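Reviewing the structure listed below.
Protein chains in written order, with our numbering: chain A, 40 to 189; chain B, -3 to 443.
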């Protein structure tokens, strides 16, 4: 099966887009990241939920001390408050290097192998420099179920 | 005549090995100090050039590598990387904070003492990596600036590390080069460590400790910490503590057992690797062992390897012999003056640059002073001076020790930047005080 048969079209993140919009699209499409595109539609990078949350909400010491956190702690209230403010800021500072791409004609199993090789659960599908959609490990699982039912 | 003739097989262009090795060493040292290029890369390049330019042949270069130091470092790194997975260190940090009913000064005192004890038994970097996150969390909940706590922990990690053979890399290097045992360090350095620790904590109490206040509500939040949740694997905890105790016991008994510390540490590491993998499938074992080996600080290990070869280069070329003669000329061959000079120079240099290359250079230099002082057995005051100076000197500035930089990094990422000059303004005088105490100790005990 080819990726074009299972890929999931999503919006892309662009300059000036807010964190709220990225979170909303990631939540809707059930995907942990979006490609970040220039005005010409060229992919310049990616924004991931994990990176945005880690960079802006979670200081290192909270991560290192995660297991001992109590139930009523002021640091958690502060983090929730920071997270709320974060929703309104532009997503630009959180852009990371571009993710792995595959063309829509690539076989689904190749996508699975590349995800495993790179310890990730999603890939972007790009044809001639234009973003077509994303493939997640959940998409691949659905595909396998469909194959079994055929 | 210097040793260069026997060891330099093809010194290029007939250059004088003394100059070639000196220039190579100074450039290597300068680039390490500049911190522009990773220190392991620089030291390996310096070592490689010592061989490529014919200052050393391969056999002599390898003979300069102290495998006892490397074995001890690697063995302890493996043991610590497995042990910390159990969560015991975080457990003790939180438990100690709750033991003093979350009183701010009590917490500062307890975490400082815990840091000193851990640093004596583990390496300083690991210790602060484990203690500092808990400290920042506690300070946040108490609504207090973490600076005094972090300052105290930096000092206590370097002071605690001074006490034992395994506490700080300079001690490992000195111990290995001079065949000093764990007990030698305990008997000679550990007695002065509590004195310096108490003096430091006393000063910190008057500067910051007595002013620290927290509300009952904030203290209640600390009391709600769940230290028991820090323990992730009870079986691993028991295995790790058993092996750690056996290894420490092995160090104490090293002389009667006639084993080198590296052998004990490596055997302990192998034993703990076995115990912590027994319940796993072969595939899981491979993955787990790879993860543990990845935690070994290979940058530090290769830095040491390169450095040992570079130092061997200047030693063989006779540079250190000349430097030792000059140094003895300045001190007039007087043991008291030489010991105190080494102590103070080590402390000041270690406050400014990495103490590892300095100690690596000083070891052969001090060894070559043996004839002047009537034999190697009479050099002991100089070794203890070097160890005290190099370890305590690390407190003089933010760049004095790797642990200091780790603490500063954590603080900055949590929004509490530790600035270089304000830190040094407080730390350097306090370090000097500790060196004054160390000087009195060296003078009264050995001179």
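Just so you know, even glycine gets a beta-carbon here, dropped at the ideal spot from N, CA and C. The structure presented is a predicted model; accordingly, all values stated were derived computationally and were not measured.
Counting C-beta pairs closer than 8 Å gives fewer than three between the region 352 to 369 of chain B and the region 126 to 133 of chain B, which falls short of the contact rule. C-alpha of residue 111 of chain A to C-alpha of residue 221 of chain B: approximately 9 Å in a straight line.
Separation of the CB atoms of residue 146 of chain B and residue 414 of chain B is rounded to 7 Å, and the pair is thereby assigned contact status at 8 Å. Look at the region 113 to 129 of chain B: the residues with a C-beta under 9 Å from a C-beta of chain A are 125, 126, 128, 129. The CB of residue 145 of chain B never comes closer than 7 Å to any CB in chain A; the least such distance is about 12 Å. About 5 Å separates the CB atoms of residue 111 of chain B and residue 153 of chain B; that is less than 8 Å, so the two are in contact. Looking from the CA of residue 244 of chain B, the closest CA among B:40, B:260, B:234, B:286 belongs to B:260. For residue 225 of chain B, the nearest beta carbon of chain A is closer than 7 Å to its own beta carbon.
In the same chain as residue 68 of chain B, and ignoring 5 residues on each side of it, the C-beta atoms closer than 6 Å to its own belong to 168, 257, 258, 261, in chain order.
For residue 165 of chain A, the enclosing beta strand (DSSP E) starts and ends at 161 to 166. Remark: fewer than three beta-carbon pairs, one from each stretch, lie closer than 8 Å, so the region 39 to 55 of chain B and the region 83 to 96 of chain B are not flagged as touching. When 7 Å is used as the limit between beta carbons, residue 83 of chain B is near these residues of chain A: 106, in chain order. Put simply, the CB of residue 413 of chain B is far from chain A, with every gap to its CB atoms at 7 Å or more.
Where residue 354 of chain B is concerned, the enclosing alpha helix (DSSP H) starts and stops at 351 to 363. Each residue's CA atom was taken as its position, placing residue 127 of chain B and residue 105 of chain B some 13 Å apart. Its chain contains 398, 399, 402 as the residues whose beta carbon lies nearer than 7 Å to that of residue 121 of chain B, once the 5 sequence neighbours on both sides are disregarded; these appear in chain order.
The criterion of a C-beta distance shorter than 7 Å is satisfied by residue 77 of chain B and residue 291 of chain B. Annotated three-state conformation of residue 87 of chain A is strand, per DSSP. Here residue 54 of chain A is exposed: its Cβ has fewer than 16 other Cβ atoms, across all protein chains shown, within 10 Å. Annotation for residue 170 of chain A: the continuous beta strand (DSSP E) segment containing it runs 169 to 175. Runs of the alpha helix (DSSP H) lying entirely within the region 108 to 188 of chain B and spanning at least 4 residues, in chain order: 120 to 138, 143 to 158, 165 to 174, 178 to 184. Taken through DSSP and simplified to helix, strand or coil, residue 79 of chain B comes out as helix. Cβ atoms of residue 21 of chain B and residue 310 of chain B come within 8 Å of each other, at about 5 Å.
Inclusion of residue 74 of chain B and residue 265 of chain B in the CB contact set at 7 Å is warranted, their separation being smaller than that value. The criterion of a C-beta distance shorter than 7 Å is not satisfied by residue 247 of chain B and residue 61 of chain B. Taking the beta carbon of residue 109 of chain A as reference, the chain B residues within 7 Å of it are 217, 220, 221, 222, listed in sequence order.
Here residue 343 of chain B really is in contact with residue 388 of chain B; their C-beta atoms are around 6 Å apart, less than 8 Å. Residue pairing by DSSP places residue 82 of chain A opposite A:76 in a beta bridge. For the pair residue 137 of chain B and residue 113 of chain A, the CB atoms are nearer than the 7 Å cut-off. Residues of chain B whose Cβ lies closer than 9 Å to the Cβ of residue 101 of chain A are, in chain order, 129, 132, 133, 136, 410. Within 8 Å of the CB of residue 114 of chain A, the CB atoms of chain B belong to 133, 136, 137, in sequence order along the chain.
Along the region 77 to 107 of chain B, going in chain order, the ones with a CB nearer than 7 Å to a CB of chain A are 83, 86, 90.
Each residue's CA atom was taken as its position, placing residue 47 of chain A and residue 142 of chain A some 13 Å apart. Assigned with DSSP and collapsed to three states, residue 334 of chain B falls in helix.
Annotation for residue 387 of chain B: the continuous alpha helix (DSSP H) segment containing it runs 376 to 389.
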